[in-house]
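Going letter by letter, the sequence shown gives residues 202 to 276 in this note's numbering.
We treat Cβ as the ideally placed atom computed from N, Cα and C, and that holds for glycine.
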Amino acid sequence: MKNTNEIEQARKILKDNGFYVDYLWHIDDVIIGKQHHDCSKKDAYHILDMAMRNEATTEQIWLSIEYAIDETLIC
Numbered sequence: 202m203k204n205t206n207e208i209e210q211a212r213k214i215l216k217d218n219g220f221y222v223d224y225l226w227h228i229d230d231v232i233i234g235k236q237h238h239d240c241s242k243k244d245a246y247h248i249l250d251m252a253m254r255n256e257a258t259t260e261q262i263w264l265s266i267e268y269a270i271d272e273t274l275i276c
């Protein structure tokens, strides 16, 4: 993995430009987190990509955003 300072700098740049980066996923979440130690980095990335692009995931995020807007009444 890259130097932690480089990662934090990249996250800061993205956050300063309006991207949400406080909760990111990493291939280790697939490989280590679920004990799929035989999973390649490429396959782990593909699994994360499939999960994040899943229609149900996207729909749930939009529903959660709408709920948060309704709860905070700030937008």
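For residue i versus residue j, is the C-beta distance shorter than 7 Å?
i	j	result
Ala245	Ile262	no
How would you call residue i, buried or exposed, if buried means at least 16 neighbouring beta carbons within 10 angstroms?
i	result
Ile266	exposed
Ile228	buried
What residue from the options has the CA that sits closest to residue i's CA?
i	options	result
Gly234	Leu215, Asp223, Phe220, Leu249	Leu249
Trp226	Gly219, Phe220, Leu274, Met253	Met253
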